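I have placed the structure first, in the form of structure tokens, so that the comments after it can refer back to it.
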Amino acid sequence: MCQAQSRKILTLVLIRESSRVLLGMKKRGFGKGNWNGFGGKVKVGEETIEDGAKRELLEECGLVAPCLDKIGELDFEFLGNPEIMEVHVFKTDSFEGIPAESEEMHPRWFSIERIPYHQMWPDDKYWFPLFLKGSCFKGHFLFEGFNKIISHSLKEVETFKNNEIDSIVQQIPH
């Protein structure tokens, strides 16, 4: 494992309606060309990580989610980069609005039988099925480059408590 010196707090929101999932094709920046959930950095001034997740969802596909449930924590390390990307994964089946394309993402619904794993991050094939079955999870992935996983660990957890989520916001550098 790399000697990580800092952490970047990020969010990922997954929208599910019974037998389908809303994903976005990343049009620019980190992850360009991959289908993914919606999310990004938590900004200074946001009181909770969930607030950052809700803002990113609105910016990237025009949806408002009154309530998000935290279902995962994923740490990503990349060889040669001392920063760990700490991603807080949320889900919801309740939202307002119609998914709309933004400068960053092109949203599209996929049936759960046709999730485009071949056009997603390589780690998604490990944890996404846990999301689909309704489990909570924690994981760590070590990458060489952006497409090769060198090692990983992933486990199901019982749940995430709200105070765990809020306390993490204290760690965000200002």
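For what it's worth, our numbering labels the leading residue of the sequence shown as -17, then goes sequentially. By construction, the Cβ of each residue, glycine as well, lies at the ideal position given by its N, Cα and C atoms. Quick caveat, the model's predicted, so the values are computed rather than measured.
For Asp75, the three-state secondary structure derived from DSSP is coil. Ranked by Cα distance from Trp103, the first of Gly127, His88, Arg90 is Gly127. When DSSP reads this structure, Cys118 sits in a beta bridge with Val139. Boundaries of the beta strand (DSSP E) around Asp57: 51 to 60. Contact between Phe20 and Leu(-8) fails: their C-beta atoms lie close to 11 Å from each other, not under 8 Å. Taken through DSSP and simplified to helix, strand or coil, Trp17 comes out as strand. Bridge pairing for Ile66: Arg(-11) [DSSP]. The beta carbon of Val139 sits closer than 7 Å to the beta carbons of Cys118, Phe119, Lys120 from its chain, once the five residues preceding and following it are set aside; these are given in chain order.
Counted as a single uninterrupted DSSP element, the alpha helix (DSSP H) harbouring Leu40 occupies residues 31 to 43. In the pairwise beta carbon analysis, the stretch 78 to 97 is classified as not touching the stretch 51 to 61: fewer than three pairs are separated by under 8 Å. In this structure, the alpha-carbon of Pro98 lies about 23 Å from that of Lys137. In this structure, DSSP gives Lys23 an extended state, which the three-state scheme calls strand. Approximately 6 Å separates the beta-carbon atoms of Leu114 and Ile94; this is inside 8 Å, confirming the contact.
Between Val69 and the set Val3, Glu28, Glu32, Leu4, the nearest pair of CA atoms involves Glu32. Residue state for Pro81 is assigned as coil, using DSSP reduced to three classes.
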